[in-house]
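If you number the sequence shown the way my numbering does, the last residue is 1676 and the count never jumps. Below is one structure, written out as C-alpha cells; comments come after it.
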Amino acid sequence: MSYRVLHLITHLGVGGALDYMLHAVQGLDHARYVVDVAAGTDELEWEGRARAAARAFHPVPALRRALKPAEDARALGQLAALMRRERYDVVHTHSSKAGALGRLAAALAGVPAIVHTVHGFAWFQYHMSPRTQRFYKVVEAVSALYSSRVLTVCESNARDLVRERLVPARKITTIYNGFDMAPFTVEVDRDAKCRELGLDPARPIVGMIGRLADPKAPLDFVEAARLAGVARPDAQFVIVGDGPLRPAVDAAIAAGAPVRVLGMRADVPAILPVLDVFAASSIWEGLSRA
C-alpha cells in the first residue's frame, strides 16, 4: 500500500524553506509514498527542481504571499478541490500563507493527516504593528486546531509556540534543518574561481550570500561595505543572490558603495572558498542554513 502525500508551499522562489521541502520530498521512500508538490505561480525559479523531485507539480494560481481576501478565498477553493480530487492521505504545508490556507483546505477536504512545518513566524517582523502581529498569531492558533502535527526546525520556535499558547506541546516535534553537504567538500581552485568571477585573489574578499529581501538586510551589508571600504580600499565586496530589494541595492551601489552583485548562482559551494570573510547581515532568518 502506498500513501498519497502533498507538500504545499506558497511559491517556488529560491529560499531555505523550499530547499528544506524539496529535500524532504526527495528523502521519502517513493515505493511507499506517492508525493506531489503544489505551489503558487508568482515565483517559479525552482519549478524544475520541484517537478524532478515529485510525481507531479500542481500550480495554484491564486496562492500568493500578499494578504488579499478575495484571492485567498479562491486559493482556498483551488486547494480544497485539488485535495479532494487527488485524495491525499497526508498534506504537509510549508510557509505562512500556504500553512494557513493549506491546513484549512485539507480539513475541509477531509485529509486524514495534516502536518505543518514552521520555517519562521509571519509576525516576527520588526516593522509589523502589534495589531497585525496579533492577527497572525490568531491565524496560527486556529490552524493548529486542525493540525495533526506541527514541526519546527529549532527548539526556540517550539518554545515560542507553547509560550504564546498557539500550539500545545503534545502536537509539536522539532526536526532540525539539514541538507546535502557533499557539494561543499569538493576541492576548488581558488585563483581560477576568482578570475572567473572577476576578482583579484591577492586582495581580501568579503561576501554575503542570500536573498535580497528584508530578513537578510542586504542594504546593511552594502552600507557596511561602504564604511569598511574607506578603511580598507583594497577589500572587495560581493553579494551572491537576488530578490525584491535588488533595485534598492543597485541604487546604493550606484551612489558609491564598493560592492558587486553576482546575482543568482548555482555554484555557491565553489564560491564559498573564495571568500576571506562571509558576512551575514540578517535581522532574522540568519541561522541555521547560512
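Just so it is clear, CB atoms sit at the ideal spot from N, CA and C, and this is done for glycine as well. These figures come from a predicted structure and were not determined experimentally.
- Cβ-Cβ distances below 7 Å link GLU1526 to LEU1552 in the same chain, with the five nearest sequence neighbours on each side left out; the list follows chain order.
- Counting C-beta pairs with one atom in each stretch, the segment 1608-1615 and the segment 1653-1661 have fewer than three that are closer than 8 Å, which means they do not touch.
- For ARG1545, the uninterrupted alpha helix (DSSP H) segment begins and ends at 1541-1549.
- Straight-line measurement puts the Cα of TRP1432 at about 14 Å from the Cα of GLY1627.
- Annotation for ARG1489: THR1479, ILE1500, HIS1502, SER1529, TYR1532, SER1533 place their beta carbon closer than 7 Å to its own, counting only its chain and skipping 5 residues before and after.
- DSSP places PRO1445 in the strand class (E or B) of the three-state scheme.
- For the segment 1444-1488, the continuous beta strand (DSSP E) assignments of 3+ residues that do not extend past its boundaries occur at 1476-1480, in sequence order.
- ARG1646 sits away from VAL1660, with the two beta carbons spaced by 8 Å or more.
- Close CB contacts of ASP1577 within its chain, under the 8 Å cut and outside five residues either way in sequence, are with PRO1587 (chain order).
- LEU1465 and VAL1497 have their alpha carbons spaced roughly 12 Å apart.
- The count of Cβ pairs closer than 8 Å, one atom from the segment 1411-1428 and one from the segment 1388-1397, reaches three, so the stretches are in contact.
- Note that the segment 1630-1638 does not touch the segment 1540-1550; fewer than 3 beta-carbon pairs, one per stretch, sit closer than 8 Å.
- Setting aside the 5 residues that flank it on each side, HIS1409 is surrounded in the same chain by GLY1564, PHE1565, ASP1566, each with a C-beta closer than 8 Å to its C-beta; the list follows chain order.
- With a cutoff of 8 Å on beta-carbon distance, ALA1448 and ARG1460 are scored as near each other.
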